[in-house]
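See below for the structure under consideration.
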Amino acid sequence: MKPEITDISYSTALTFELVTQYGFLTLGAPVFPSLRKESIYQTDTNAKSVLTFFQYKLSEHIIGTASSLQDDWGVPYYRFLIHPKNKNKRHEVLLHLEDMNCLAYYVAPEFHTKSGLYESLMQSVLLTHSTFWSPRQIGSLSQAERNTLSYKHNSHFGILEPGKRKIGGVLKGEALLSEIKSKFEASAEVYDNERFVRLGDQMLENYLKVFHTPKEKRLISDIWKSRDRIDARDYLSLISILLYDCYVYIIAK
Numbered sequence: 016m017k018p019e020i021t022d023i024s025y026s027t028a029l030t031f032e033l034v035t036q037y038g039f040l041t042l043g044a045p046v047f048p049s050l051r052k053e054s055i056y057q058t059d060t061n062a063k064s065v066l067t068f069f070q071y072k073l074s075e076h077i078i079g080t081a082s083s084l085q086d087d088w089g090v091p092y093y094r095f096l097i098h099p100k101n102k103n104k105r106h107e108v109l110l111h112l113e114d115m116n117c118l119a120y121y122v123a124p125e126f127h128t129k130s131g132l133y134e135s136l137m138q139s140v141l142l143t144h145s146t147f148w149s150p151r152q153i154g155s156l157s158q159a160e161r162n163t164l165s166y167k168h169n170s171h172f173g174i175l176e177p178g179k180r181k182i183g184g185v186l187k188g189e190a191l192l193s194e195i196k197s198k199f200e201a202s203a204e205v206y207d208n209e210r211f212v213r214l215g216d217q218m219l220e221n222y223l224k225v226f227h228t229p230k231e232k233r234l235i236s237d238i239w240k241s242r243d244r245i246d247a248r249d250y251l252s253l254i255s256i257l258l259y260d261c262y263v264y265i266i267a268k
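Position one of the sequence shown corresponds to residue 16 (my numbering), numbered consecutively onward.
Structure representation (C-alpha cells):
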C-alpha cells in the first residue's frame with residue numbers, strides 16, 4: 016500500500032516533536048508557525064553542539080503474500096526506496112557527511128496513513144515510531160539497481176534489496192537520543208558562523224567528488240559565490256537541502 020502521507024507532513028510533524036519535546040533546533044527544517052522563532056538555531060560562540068542531518072523517506076506498507084520477502088519474514092512490513100537506480104550516488108554524499116564527524120540518517124516512519132501520523136503527533140510518540148538508518152551501516156549500494164530497505168515494526172534490523180542483505184544498527188526513540196548524547200560527550204563542537212561556512216565549503220567539495228558534470232560544477236560555483244551574501248546558517252542549510260536532500264538539526268547545551 017502506498018503511503019497516504021507526504022514527506023513534508025511527516026518531516027514537519029517530527030520536527031515539531033523534536034523541537035518541543037527534545038530541545039532540537041533547526042537550520043531550515045519545516046516547522047509550524049508557532050515555533051518559527053523558538054526553533055531556529057541562533058549562532059553562539061560559546062555553546063557546543065552536535066550537528067545531525069536527516070533525509071526523510073516514506074515507506075510502502077507491504078501486505079501481499081507475493082512480496083519478495085514473504086519467505087524471509089512474512090507480511091506485513093514496511094519498505095522504502097533509498098534512491099532511484101539512476102541516483103544511487105546520492106548515498107555517497109551522505110557517507111561523506113559521516114566521514115566529516117556529522118550524524119546522518121535516513122528517517123522512515125512505522126506508519127503510512129494520515130490517521131497514524133495524526134495519532135502519533137497527538138500522543139508525542141513520533142520519535143518512537145520512526146526509524147533512523149545510518150548510511151554507513153547500510154554500506155555500499157548496487158549502482159545499477161533499485162535499492163530498497165525493508166523493516167518490520169519493532170524489528171532491530173532491516174533487509175536491503177537486491178541481495179537480501181541484513182542491515183543492523185537501526186535506531187528508534189531513546190536509542191537515537193543516546194547516540195546523540197554519546198556523540199555530544201565525545202566530539203561536540205562550537206558552531207559559529209565561521210564553522211558553518213567551512214562546513215558548507217567542505218560539503219560542496221565532497222559533492223563534487225561524486226557529481227562532477229559541467230552542469231553540477233556551474234551550480235556549485237554559483238552556490239559558493241553566494242557565501243558572502245547570505246547568512247552562514249542559510250548557506251549551510253541551502254547546501255544541505257538542495258544538494259544533500261537533508262534537513263539540518265542542532266542539539267546544543
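Glycine is no exception: its CB is placed at the ideal position from the N, C-alpha and C atoms.
Assign residue i to buried or exposed, taking buried as 16 or more other Cβ atoms, counted over all protein chains shown, within 10 Å of its Cβ.
i	result
Asn169	exposed
Ala201	exposed
Ser88	Per the sequence shown, residue 88 should be read as Trp rather than Ser. Exposed: under 16 other Cβ atoms inside 10 Å.
Gly215	buried
His171	exposed
Ile23	exposed
Gln85	exposed
Arg213	exposed
Pro18	buried
His163	The sequence shown places Thr at residue 163, not His. Its Cβ being crowded by 16 or more others within 10 Å, Thr163 is buried.
His227	exposed
Glu209	exposed
Arg105	buried
Ala81	exposed
Asp173	Note that residue 173 is Gly in the sequence shown, not Asp. That one is buried.
Arg180	exposed
Leu33	buried
With DSSP collapsed to three states, give me the class of residue i.
i	result
Pro124	strand
His227	coil
Ser64	strand
Arg244	coil
Asn103	coil
Ala28	helix
Ile238	helix
Phe95	strand
His111	helix
Ile77	strand
His165	The question names His, yet the displayed sequence has Ser at residue 165. Residue state, collapsed to three classes: strand.
Thr21	coil
Ala267	strand
Glu160	coil
Phe211	helix
Gln70	strand
Thr35	helix
Ser145	strand
Report back the beta-carbon spacing between residue i and residue j to the nearest angstrom; my notes put them in contact at under 8 Å.
i	j	result
Ile265	Leu40	5 Å
Ser139	Lys187	The Cβ separation is near 15 Å, so there is no contact.
Ala119	Phe68	4 Å
Ile195	Ile153	That belief does not hold up - the Cβ atoms of Ile195 and Ile153 are roughly 19 Å apart, past 8 Å.
Gly43	Val205	With a Cβ gap of about 20 Å, Gly43 and Val205 do not count as contacting.
Ile254	Leu223	About 12 Å separates the two Cβ atoms, so there is no contact after all.
Lys100	Arg161	5 Å
Glu107	Ser149	Actually they do not touch by this definition, with Cβ atoms about 14 Å apart.
Leu192	Tyr37	7 Å
On a CA-only basis, which of the options is nearest residue i? Give me that one, please.
i	options	result
Glu189	Met218, Leu141, Lys240 and Lys17	Leu141
Ala159	Glu176, Leu251, Arg151 and Gln152	Glu176
Ser252	Glu32, Gln70 and Met16	Gln70
Leu66	Thr21, Met218, Cys117 and His127	Cys117
Lys72	Ala81, Ser82, Arg94 and Val46	Arg94
Met16	Asn103, Leu110, Phe126 and Gly38	Phe126
Ile238	Tyr250, Asp246 and Lys230	Tyr250
Ser155	Pro91, Thr128, Pro124 and Leu109	Leu109
Leu96	Lys232, Pro229 and Glu75	Glu75
Arg151	Leu132, Val185 and Thr128	Val185
Hey, which unbroken runs of the beta strand (DSSP E) at 3 residues or more fall wholly within the segment 172-199?
Within the segment 172-199, the runs of beta strand (DSSP E) that reach at least 3 residues and sit entirely inside it are, in chain order, 172-176 and 180-183.
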